[in-house]
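Student:
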Amino acid sequence: MAFLEINQVFKRFGQVEVLRGIDLDVDLHQVVCLIGASGSGKSTLLRCINALEVIDGGEIRLDGDRVSGRGIDVDALRQEVGIVFQSFNLFPHMRVIDNITLAPRKVLGMDQDEAEAKAMALLSRVGLADKATDYPDRLSGGQQQRVAIVRALAMGPKLMLLDEITSALDPELVAEVLNIVRDLASEGMTMMLATHEMGFAKEVSSKVCFLHQGVILEEGPPEKIFGDPSEDRTREFLKRIVDAGRL
Amino acid sequence: MLTYRAGAVASLFFPPAGIPALVHSLRAQRLAEKGEIELAREHGEKARNWAWYSVGVGLTVYVVAALVGLLFANHGSVRVVYFAWSILTDGSAWHSMIKGFWINIQVFLIAEVIVLVWALFVAVVRLLPGPACRPLRFLATVYVDAFRAFPAILVVYIVGLGLPQANLPLVGHLSDMQYVIFALSLTYGAYVSEVYRAGIESIHWSQVAAARSLGLSYSQTMRFVVVPQAVRRVVPPLLNDFIGLQKDTAIISVIGVLDVVSRARFINNAKGSLTAYSMAALLFLVVTIPFTRWLEWLQNRRQARTQGGR
Ligand SMILES: Nc1ncnc2c1ncn2[C@@H]1O[C@H](COP(=O)(O)OP(=O)(O)O)[C@@H](O)[C@H]1O
Ligand SMILES: [Mg+2]
């Protein structure tokens, strides 16, 4: 039994079938990369896993428990699963430290001192301890995204979902964010990431899935997918990426 | 570069600024003919500036002059009707007016606090999610639509005269001032709830997604993430409604409370001069303008502290 099991998941927006029977297993401590063209359903899949979207068919299990469909505790699920978005989505009216401690205090009932101590420890790890009392708009994009990662980590999730977290960043800021993801991977955090950073995907992932029009067309170890893909569509996609100078 | 003809018009319109405009434009013209194009441009620029002063200062001077003229027209009748010296210097008149105005201020302050809380409550109810809350949403919508349609003065009559006659429990035995506060809160609550609602809806859904994904419940998300941002955004329109409410406290006079307008009417009836109304107007001015500036200052200061934000 895998840590995260996704079985035949379907998702429609109106008439449009965005996910059309996704099957995917993620083991504990694995890093799974989702690649695929824009609009192929990567974000939607990630959002279905922590129930930001309600699925129309199939089933998702986390650690053996069903976490999709009726009668689930979405708030409990979301404590286990952290997500980081392309556009950071920090709360602009709160200082960095309050962004991070809000959920631990209000959801986990942690007291202020403990929550702040934990937040400061995490901030130090990502090199932002001196920004704790700043408002988010004082930070660069890379710094904001690092805070967003810390905010998700502060809830102590067992699974992290990262949705193109470097796509909104200037090129010189990408590395500082990816370094943190690399650290998390080496510490054994289970992660699923949608990404266009193919070099990075090659380096950190245990498994790469190529999404095409709402199905996983091909999955396998990175050497296989990037080196010798078996599907023509995967080859075409990777060729476009190479032509764009991103691999 | 200004042509000398435009300069001539400017000098006729308001000579103190218009004549320099004409002089510079003529000089520019002459320099241009001699081929000294850069110097010509410099004078052209000066001519343009003076011409603008001629319009801006000239118009102001003429408008003010017309108003002052009105004051002294017809042997100063305007001055006598609106600014009778004997009443303006009458200490007891001022005393009475200020005592009345204090009632308006009290009504305003109390109604304002009630409106701020009540309107937020209504806005949140209107935005409750899910089919279970549809009846509540409907009720709130009916309230808002109705009380935005009713003129405030009508609500004051209905509440202030009707409720005591109907002799209802709880709301049948309030003071007149309390009825007016009640009526104004109902009316302004409807307006302000729409302001809040627009503010809440303007918060991007990604903020909600971020909050919910951290495990915060719907109500926690509203309370800690959405509403605080929404309230900051709606301060300027709220300010507008505050000023409206402050002015509308004058409605209180229709059900016989001795506010500043009622007292002005008494003085008017006794002395046959509208001067007391001018005094009331002045009192509203003296309070409203600093209040507006103060709120703007607060708003700017906060904006400077937490700039922007998505
Ligand atoms: N909330 C939504 N409503 C309607 N259509 C949506 C919504 N979210 C995503 N889609 C559509 O679903 C498809 C997949 O989108 P997405 O999962 O964001 O793809 P990706 O992340 O791979 O670029 C796109 O065609 C997009 O337009
Ligand atoms: Mg996406």
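Line by line, the protein sequences are chains S and R. Residue 176 in the numbering used here sits at position 173 of the first sequence, and the numbers go up by one each step. Residue 1290 in the numbering used here sits at position 152 of the second sequence, and the numbers go up by one each step. From the three backbone atoms N, C-alpha and C, an ideal C-beta is built for every residue, glycine too.
Quick one: does the C-beta of A79/S sit closer than 7 Å to a heavy atom of ligand 2?
Tutor: no
Student: Quick check on the burial criterion: 16 or more other C-beta atoms within 10 angstroms. Buried or exposed for E190/S?
Tutor: Exposed is the call here.
Student: Give me every residue whose Cβ sits closer than 5 Å to any heavy atom of ligand 1, in chain order.
Tutor: Any residue whose Cβ sits closer than 5 Å to a heavy atom of ligand 1 makes the list: F16/S, V21/S, S41/S, G42/S, S43/S, G44/S, K45/S, S46/S, T47/S.
Student: Measure the alpha-carbon distance for I1405/R versus I1243/R and round it to whole angstroms.
Tutor: 20 Å
Student: If we ignore side chains and look at the alpha-carbon of each, how far apart do L22/S and A157/S end up?
Tutor: For L22/S and A157/S, the distance between alpha carbons rounds to 31 Å.
Student: Taking only beta carbons into account, state which residues of the segment 1340–1374 of chain R come closer than 8 Å to chain S, listed in chain order.
Tutor: For the segment 1340–1374 of chain R, which is checked against every Cβ of chain S, the residues closer than 8 Å are S1344, Q1345, A1347, A1348, A1349, R1350, S1351, L1352, G1353, L1354, S1355, Q1358, F1362, V1363, P1366, Q1367, R1370.
Student: Give the straight-line distance between the Cα atoms of R238/S and Q1441/R, rounded to the nearest whole angstrom.
Tutor: Spanning the two alpha carbons is a distance of roughly 51 Å.
Student: Considering only residues of the same chain and omitting the five flanking positions on each side of R1286/R, which have a CB-CB separation below 7 Å?
Tutor: A1328, Y1329
Student: If you measure from the CB of E56/S, is any heavy atom of ligand 2 nearer than 7 Å?
Tutor: no
Student: Have a look at A247/S and V29/S and give me their C-alpha separation to the nearest angstrom.
Tutor: For A247/S and V29/S, the distance between alpha carbons rounds to 30 Å.
Student: Could you give the distance in angstroms between the alpha-carbon of L1208/R and the alpha-carbon of T1198/R?
Tutor: 16 Å
Student: Out of V1333/R, M1360/R, A1284/R, L1299/R, which one is the CA nearest neighbour of V1318/R?
Tutor: L1299/R
Student: Quick one: which chain R residues come within Cβ less than 8 Å of K109/S?
Tutor: L1354, Q1358, F1362
Student: What are the boundary residues of the beta strand (DSSP E) that Q11/S is part of?
Tutor: First-last of the beta strand (DSSP E) with Q11/S: 7–16.
Student: What three-state label does DSSP hand R69/S in the structure shown?
Tutor: strand
Student: Kindly indicate which three-state DSSP category M1315/R falls into: helix, strand or coil?
Tutor: Three-state DSSP puts M1315/R in a helix.
Student: Would you say the beta carbon of A1348/R comes nearer than 7 Å to a heavy atom of ligand 2?
Tutor: no
Student: Does DSSP put A197/S in a helix, in a strand, or in coil?
Tutor: strand
Student: Is the beta carbon of A151/S within less than 7 Å of some heavy atom of ligand 2?
Tutor: If you check the C-beta of A151/S against ligand 2, you find no heavy atom less than 7 Å away.
Student: Which of the three DSSP states, helix, strand or coil, is assigned to K1409/R?
Tutor: It is helical.
Student: Run the proximity test for A197/S: is its beta-carbon closer than 7 Å to any non-hydrogen atom belonging to ligand 2?
Tutor: yes
Student: Would you mind telling me which residues of chain R sit closer than 9 Å to F16/S, beta carbon to beta carbon, in chain order?
Tutor: Near F16/S there are no residues of chain R at all, since even the closest Cβ is about 14 Å away, more than 9 Å.
Student: Taking DSSP as the reference, what is the three-state secondary structure of M163/S?
Tutor: strand
Student: Please name the residue in D173/S, R128/S, P160/S whose C-alpha comes closest to that of L186/S.
Tutor: It is Asp, not Leu, that sits at residue 186/S in the sequence shown. Nearest of D173/S, R128/S, P160/S to D186/S, Cα basis: R128/S.
Student: Does at least one heavy atom of ligand 2 sit under 7 Å from the Cβ of E167/S?
Tutor: yes
Student: Flag N10/S as yes if its beta-carbon sits less than 8 Å from any beta-carbon of chain R, otherwise no.
Tutor: Output row for N10/S: interface = no.
Student: Using CA atoms only, rank isn't needed, just tell me which of Y1334/R, G1214/R, T1359/R, V1372/R is closest to V1346/R.
Tutor: T1359/R
Student: In chain order, which continuous runs of the beta strand (DSSP E) of length 3 or greater are located wholly inside the segment 24–95 of chain S?
Tutor: Within the segment 24–95 of chain S, the complete beta strand (DSSP E) runs of at least 3 residues fall at 34–38, 60–65, 84–87.
Student: For a quick check, are the C-beta atoms of D26/S and I52/S less than 8 Å apart?
Tutor: no
Student: Give a yes or no on whether the minimum CB-CB distance between Q82/S and chain R is below 8 Å.
Tutor: yes
Student: Can you find the residues in the same chain that come closer than 8 Å, C-beta to C-beta, to R1439/R, ignoring five residues on each side of it along the sequence?
Tutor: Here R1439/R has no same chain residue with a Cβ atom under 8 Å from its own Cβ, once five neighbours each way along the sequence are excluded.
Student: Suppose the cutoff is 6 Å on Cβ atoms and the five residues either side in sequence are ignored; what does the same chain contact list for A1170/R look like?
Tutor: A1178
Student: CB-CB under 6 Å to L162/S, same chain, minus the five flanking residues each way: which ones, in chain order?
Tutor: Taking L162/S as the centre and dropping the five residues before and after it, the same chain places the C-beta of V84, T193 closer than 6 Å to its C-beta, in chain order.
Student: Counting only C-beta atoms, is F94/S closer than 8 Å to chain R at any point?
Tutor: yes
Student: Quick one: does Q1437/R have its CB under 8 Å from some CB of chain S?
Tutor: no
Student: Return yes when the Cβ of I1393/R is within less than 8 Å of the Cβ of A1368/R, no when it is not.
Tutor: no
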